[in-house]
Amino acid sequence: MDIGAFERATLAGIYRLSESKNKYSSIENIVVVVVVVVEVVVVVVVVVVIRKVVVAAVALVAVILLVVEAMVRAATNVAIERFTLYFENQHTLGGSVAEWLARRTRDLEVVGSIPDLAMLQLPYESNLP
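Going letter by letter, the sequence shown gives residues 113 to 241 in the numbering used here.
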């Protein structure tokens, strides 16, 4: 039941109450008043509960998104760490990536080349730096 329908029902109840003064007994008037009051209370409670449920659902979605973001970050960090370890073990003879780059740069300088990162090819065929 939307709020507009509720307002129309309430106004209809109030109209019935004002019309009933001459047609109905006082007990029936009291029943109409009670019905109108119950309708108002029910709609107010439903609106408040629905708002709280919506707020709780939005908060739950936000928490889930934060957990997913943390999991993605952790997985990314693990993947980067694994790749770094793989690279160090496969291509740097157990040294660090920085040491491998320094050796490659030194080797290029010895032969008279300008060190360029584009020229630093990974040694896929052998484990030699």
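Every residue gets a Cβ at the ideal spot worked out from N, C-alpha and C, and that includes glycine.
Determine the direct distance from the alpha carbon of residue j to that of residue i, and round the result to whole angstroms.
i           : j           : result
residue 185 : residue 198 : 20 Å
residue 211 : residue 189 : 22 Å
residue 143 : residue 162 : 28 Å
residue 192 : residue 177 : 22 Å
residue 92  : residue 174 : The chain is shown only over 113 to 241; residue 92 falls outside these bounds and no answer can be derived.
residue 179 : residue 172 : 11 Å
residue 214 : residue 165 : 60 Å
residue 167 : residue 196 : 43 Å
Beta carbon of residue i: closer than 7 Å to some heavy atom of the ligand GTP?
i           : result
residue 189 : As for the ligand GTP, it is missing from this structure, which has no ligand bound.
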